[in-house]
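Going by the numbering used here, the first residue of the sequence shown is number 9, and it counts up by one from there.
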Amino acid sequence: MDRYLINGGKKLYGEVEISGAKNAAVAMIPAALMVDGVCRIENMPQISDTDMLMSIISALGAKIKVIDPTTVEIDCRSVHNCDAPYDKMRRIRASYYLIGAMLGRFGCAKTTMPGGCNFGVRPIDQHIKGMVAMGAKVEVKNGFVYAEARGGRLNGARIYLDKVSVGATMNIMIAAVMASGRTVIENAAREPHIVDLANFLNSMGADVRGAGTDTIKVNGVERLHGGTYSIIPDQIEAGTYMMAVAAAGGEVRINNIIPKHLECISAKLVEMGVDVEELEDAVIVRREGPLRPTNVKTLPYPGFPTDMQPQISTALCFANGTSFVTEGVWDNRYKYVNELRKMGANIEVSGRTAVIEGVPCLTGAPVAACDLRAGAAMVIAGLCANGVTEVEDVHFIERGYEDFTGKLIRLGADITVVRDPDEPEKVPMFAV
Ligand code: UD1
């Protein structure tokens, strides 16, 4: 199994470049299926989730040309096939966007129930509710989702989401782009990647309005044309480096970011005694003195992101006092706490709240990356611990962080990546 060996105790100094937003990219690649032309996407993050999605759409017949390491051209004009490789789809959460894209393009879809990180039950009932309201017949049977638009084309509809869902908002938006008439999504999620997906679709000829508010209106068009689009910087990747500096100490300039997207994270860091200096498209994070405790509740955007919960909880292990972290989005997102306890953390979880008593130090230990963000949190813990931390299951981390260890090593971290010769070598799509 691939592992990272982290020799803790080094402060972080220097500059780091943030890559394109994972959660925008994983929706745009399936959405490219609907484009009648060449879709050039820039600032594409080089992570295994985007590789996986590109290999899924290329198995469907998409032609993918790599222009440079972060620019791809996707041409789906010759895709006539609805039969996606199910073993791959099952491994990735964002494969649910293929339902919306295939319904929009072909009027039918067959996919597996999505995989991805396990934070407890991850239903897709709101996605299905949206597709059904637009006139699709949807059946979930034996782990597969079968969907068919009555009359071969979806119809615009008014859809009120019972839960603020990022995935349902984006999936319905994709499906509605080429539906007949107007779709209105109410109680929509407002994350930056939702706005980015809408901008991407509009740059290809769609008519999506209101993304970033809780009401999104999509006027269906007959066709999407090719175009060029550059993905926004990844809010969570940037936040993860901010939290790493807060925990390990030092001073790092984090480049290629949108400071507005980081306000909720910056505000918590300031409460914790960290200096955060905002520049136009960069942020400088500095921590010299002790960390102060704070209370955090994760919420949909613009609240504090759930995808930053393991990282801030880890930083708070080093604070001078007691912090309360409450998870407001997922039922079960504290599995990593057991791993932190192996390193000496003092955390008690009761329901959706973690009570974190700061400790003077953590001690290196073998720990597992339970999921993508929990894995990043283990690396942060390792950066600050005394001795060597061995992080296993790092494939979770590589799903969503481009060159995580390389970027940290360039900031002064002492990390050795151990590749298991028995694990199949990962040849990223971008490399071919
Ligand atoms: C996306 C992100 C994930 C992030 C989450 C919340 C991707 C690929 N993943 O996941 O990293 O943690 O947003 O910011 O973009 N729910 C339902 N029914 C549904 C859909 C969701 O009940 O049909 C519930 C979920 O169980 C959860 C909440 O709504 O409690 C939010 O889920 P959602 O925003 O949909 O998360 P994802 O899109 O899966």
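We put the beta carbon where it would ideally sit given N, CA and C, even for glycine.
Please classify residue i: does DSSP put it in a helix, a strand, or coil?
{"i": "SER331", "result": "strand"}
{"i": "TYR21", "result": "strand"}
{"i": "SER27", "result": "coil"}
{"i": "SER173", "result": "coil"}
{"i": "ALA144", "result": "strand"}
{"i": "PRO318", "result": "helix"}
{"i": "LEU13", "result": "strand"}
{"i": "ALA290", "result": "strand"}
{"i": "PHE326", "result": "coil"}
{"i": "LEU68", "result": "coil"}
{"i": "HIS403", "result": "helix"}
{"i": "MET437", "result": "Bear in mind that the predicted position of MET437 carries a pLDDT of just 46, short of 50, making it too unreliable to give a figure here."}
{"i": "TYR94", "result": "helix"}
{"i": "ARG427", "result": "coil"}
{"i": "ALA353", "result": "coil"}
{"i": "TYR409", "result": "coil"}
{"i": "ARG300", "result": "coil"}
{"i": "GLY258", "result": "strand"}
{"i": "ALA187", "result": "coil"}
{"i": "LYS137", "result": "helix"}
{"i": "ALA373", "result": "coil"}
{"i": "PRO241", "result": "strand"}
{"i": "VAL284", "result": "strand"}
{"i": "ALA117", "result": "strand"}
{"i": "ASP422", "result": "strand"}
{"i": "LYS149", "result": "strand"}
{"i": "ASN340", "result": "coil"}
Need the endpoints of the beta strand (DSSP E) that residue i sits in, please.
{"i": "ILE195", "result": "Sequence inspection shows Asn at residue 195; the Ile mentioned does not correspond to that position. ASN195 -> no beta strand (DSSP E), and no H or E assigned at all."}
{"i": "ALA362", "result": "361-365"}
{"i": "ALA393", "result": "Premise fails: ALA393 is in no beta strand (DSSP E) and is neither H nor E."}
{"i": "PHE152", "result": "152-157"}
{"i": "LYS71", "result": "71-76"}
{"i": "VAL87", "result": "No beta strand (DSSP E) contains VAL87, which DSSP labels as neither H nor E."}
{"i": "TYR237", "result": "232-238"}
{"i": "VAL43", "result": "43-50"}
{"i": "ASN227", "result": "223-227"}
{"i": "TYR168", "result": "166-168"}
{"i": "ASP215", "result": "215-217"}
Quick check: what's the CA-CA separation for residue i versus residue j?
{"i": "ARG166", "j": "VAL293", "result": "44 Å"}
{"i": "ASN303", "j": "GLY297", "result": "19 Å"}
{"i": "PHE331", "j": "THR306", "result": "Just to set this straight, residue 331 is Ser in the shown sequence, not Phe. In a straight line, the C-alpha of SER331 is about 14 Å away from that of THR306."}
{"i": "VAL435", "j": "SER56", "result": "Residue confidence is low: VAL435 scores 45 on pLDDT, short of 50, so the model does not pin down where it sits. Its coordinate-derived value is still stated next. Rounded to whole angstroms, VAL435 to SER56 spans 10 Å at the Cα level."}
{"i": "GLY366", "j": "ALA393", "result": "13 Å"}
{"i": "GLU147", "j": "ILE107", "result": "12 Å"}
{"i": "ILE14", "j": "ILE320", "result": "19 Å"}
{"i": "LEU324", "j": "ASP401", "result": "24 Å"}
{"i": "VAL34", "j": "LEU61", "result": "7 Å"}
{"i": "ASN354", "j": "ALA67", "result": "47 Å"}
{"i": "VAL192", "j": "GLY220", "result": "14 Å"}
{"i": "PRO38", "j": "SER238", "result": "16 Å"}
{"i": "VAL216", "j": "ILE82", "result": "22 Å"}
{"i": "PHE438", "j": "THR79", "result": "Residue placement at PHE438 cannot be trusted, given a pLDDT of 41 that sits under 50; what the coordinates show is reported in the next sentence. Cα-Cα distance, rounded: 9 Å."}
{"i": "ILE202", "j": "GLY22", "result": "31 Å"}
{"i": "LEU111", "j": "HIS88", "result": "13 Å"}
Counting only the same chain and skipping the five closest in sequence on each side, list residues whose C-beta sits under 7 Å from that of residue i.
{"i": "ASP242", "result": "ILE26, SER27, GLY28, ALA29, LYS30, PRO53"}
{"i": "MET245", "result": "According to the sequence displayed, residue 245 carries Glu and not Met. The residues are ILE26, SER27, TYR409."}
{"i": "GLY395", "result": "GLY16, THR371, GLY372"}
Between which two residues does the alpha helix (DSSP H) containing residue i stretch?
{"i": "GLU81", "result": "That residue, GLU81, is in no alpha helix (DSSP H); its beta strand (DSSP E) goes 79-83."}
{"i": "ARG418", "result": "412-418"}
{"i": "PHE442", "result": "This structure leaves residue 442 out entirely; the chain is present only between 9 and 440."}
{"i": "THR306", "result": "Unbroken run through THR306: none, as it is neither H nor E."}
{"i": "GLU271", "result": "271-279"}
What residues in its chain sit with their C-beta under 6 Å from that of residue i, if we drop five residues either side in the sequence?
{"i": "MET121", "result": "GLY151"}
{"i": "VAL440", "result": "With a pLDDT of 28 at VAL440, under the threshold of 50, the modelled position of that residue is not reliable, and the figure given next carries that caveat. Taken in chain order, the list of residues that qualify is empty."}
{"i": "GLY383", "result": "ALA377, PHE404, ILE405"}
{"i": "ALA141", "result": "ALA165, ILE167"}
{"i": "VAL337", "result": "THR306, THR314"}
{"i": "ARG360", "result": "THR334, GLU335"}
{"i": "MET9", "result": "GLU400, ASP428"}
{"i": "SER188", "result": "ARG161, ASN163, GLY228"}
{"i": "ARG261", "result": "GLU23, ALA290, ILE292"}
{"i": "TYR154", "result": "LYS118, GLU147"}
Can you find the residues in the same chain that come closer than 8 Å, C-beta to C-beta, to residue i, ignoring five residues on each side of it along the sequence?
{"i": "LYS18", "result": "ALA256, LEU391, GLY420, ALA421, ASP422"}
{"i": "GLU194", "result": "ARG166, ILE167, TYR168, LEU169, ASP222, THR223"}
{"i": "MET251", "result": "ILE273, LEU277, MET316, GLN319, ILE320, THR322, ALA323, ILE388"}
{"i": "SER211", "result": "GLY235, THR236, TYR237"}
Looking at the C-beta of residue i, does it have a partner C-beta in chain B at a distance below 8 Å?
{"i": "VAL140", "result": "Of the protein chains in the structure, only one exists, and it is not chain B."}
Looking at the ligand NAP, does it come within less than 7 Å of residue i, judged from the CB to the closest heavy atom?
{"i": "ARG130", "result": "For the structure depicted, the ligand NAP is absent and the ligand set comprises only the ligand UD1."}
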